[in-house]
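Before any comments, here is the structure.
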């Protein structure tokens, strides 16, 4: 079972909020991230993440007739959940999310939310073919960056720092924008 957070379902190629961050897996009643990282909830009502678990449901992906199996890199981090944080069960995770929604929205706001239909997983996915195009011609670099009014103080700082716009170690309070 998966718990999905979606936005504009059926209208986007990937409606998951934050792509893979919008999917939580429920495996043996424990909740994991898309990548198999343990999920818990702290006493301060924050999500906490623990070790990655190379569970078969996480590392095996079937794409049509092709099966892909991911392997864990050597030396990958094995951090545990913080002290006093228990792994979330499907029920405790659902209660946590329900509580967050109720804290952030009034009953009146929640009453106006209409259900979002799920995408039909039995329907094929169609991707329109793209048209081949020549790569863009590289634009000549411009001195001073983007469009708009140029700031002389900023221009001077750019020159002093070999065009590096980050001005590492420079006090920017003296550079006033227009």
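Residue numbers (our numbering): 17 to 194.
Even glycine gets a Cβ: it sits at the ideal position worked out from N, Cα and C.
Per-residue DSSP class, three states only, for residue i
i, result
"residue 96", "coil"
"residue 194", "Bear in mind that a pLDDT of 47 at residue 194, under 50, signals an unreliable position, so the number given afterwards is only what the model happens to contain. Three-state DSSP puts residue 194 in coil, outside helix and strand."
"residue 71", "coil"
"residue 168", "helix"
"residue 144", "coil"
"residue 65", "strand"
"residue 17", "coil"
"residue 153", "coil"
"residue 129", "coil"
"residue 117", "helix"
"residue 138", "coil"
8 Å Cβ shell around residue i - same chain, five flanking residues per side excluded
i, result
"residue 126", "117, 118"
"residue 147", "none"
Cα-Cα separation, residue i to residue j
i, j, result
"residue 72", "residue 48", "13 Å"
"residue 134", "residue 19", "13 Å"
"residue 81", "residue 36", "23 Å"
"residue 58", "residue 105", "13 Å"
"residue 4", "residue 140", "For residue 4 there is no data in the structure shown, the boundaries of the chain being 17 and 194."
"residue 64", "residue 154", "44 Å"
"residue 99", "residue 56", "11 Å"
"residue 74", "residue 101", "22 Å"
"residue 123", "residue 176", "57 Å"
"residue 40", "residue 174", "45 Å"
"residue 79", "residue 61", "37 Å"
"residue 107", "residue 152", "51 Å"
"residue 129", "residue 84", "39 Å"
"residue 17", "residue 50", "12 Å"
"residue 194", "residue 103", "Here residue 194 scores only 47 on pLDDT, less than 50, and its place in the model should not be relied on; the value that follows carries that caveat. The alpha-carbon atoms of residue 194 and residue 103 are separated by roughly 52 Å."
"residue 109", "residue 45", "10 Å"
Any non-hydrogen atom of the ligand PLP closer than 6 Å to residue i Cβ
i, result
"residue 138", "Absence of the ligand PLP is noted for the structure shown, with no ligands found whatsoever."
Residues sharing a beta bridge with residue i, DSSP
i, result
"residue 43", "46"
"residue 54", "48"
"residue 105", "46"
"residue 83", "78"
"residue 174", "Answer is none; residue 174 lacks a bridge partner."
Neighbourhood of residue i by C-beta distance below 6 Å, restricted to the same chain and skipping five residues each side
i, result
"residue 21", "33, 38"
"residue 68", "52, 53"
Residues near residue i in its chain [Cβ-Cβ closer than 7 Å; skip 5 each side]
i, result
"residue 95", "66, 67"
"residue 43", "71, 73"
"residue 86", "75"
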